[in-house]
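Shown next, in structure tokens, is the structure this report addresses.
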Amino acid sequence: MATFIIIIHILASLFLIAVVLLQSGKGAEMGAAFGGSSQTLFGSRGAATFLNKLTTVAAVVFMLTSLALTMVTTKTTSVIKQTAPAEQQKAIPQLPQQPISQQPQQIPQKPLNK
């Protein structure tokens, strides 16, 4: 299941990149270059083009596959289920610890020959 979603996710991301790169920029119209504004029924940008709609669809598919991948790949186990009960933890034998000496050990020094 996760492999199928990953394939769809990669295809959606590549398609989204291609559709965004195919679109023209905001200031690409000749009227915008000289400060003129086009008053149309749908606003200054005009009606949504086919590429704009494809971008929206690709973005929605990308987001849905991202969420689906997150839900599929997360572990559903609980930390509480992973810990051993207190009785089992007490049953584990502890190794005896050796006492730590408080005084530093002295390193024997060789006499200097002159």
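Each residue of the sequence shown is one higher than the one before, starting from 2 at the first, in our numbering.
Every residue, glycine too, gets a C-beta built ideally from N, C-alpha and C.
query, result
"Start and end residues, alpha helix (DSSP H) containing residue 113", "Neither: residue 113 is in no alpha helix (DSSP H) and is coded neither H nor E."
"Residue 114 versus residue 98 - alpha carbon distance", "43 Å"
"Local Cβ density within 10 Å of residue 61, reported as buried at 16 or more and exposed below that", "exposed"
"Three-state secondary structure (DSSP) of residue 6", "helix"
"Cα-Cα separation, residue 69 to residue 59", "15 Å"
"Residue 14 versus residue 22: straight-line alpha-carbon distance, rounded", "12 Å"
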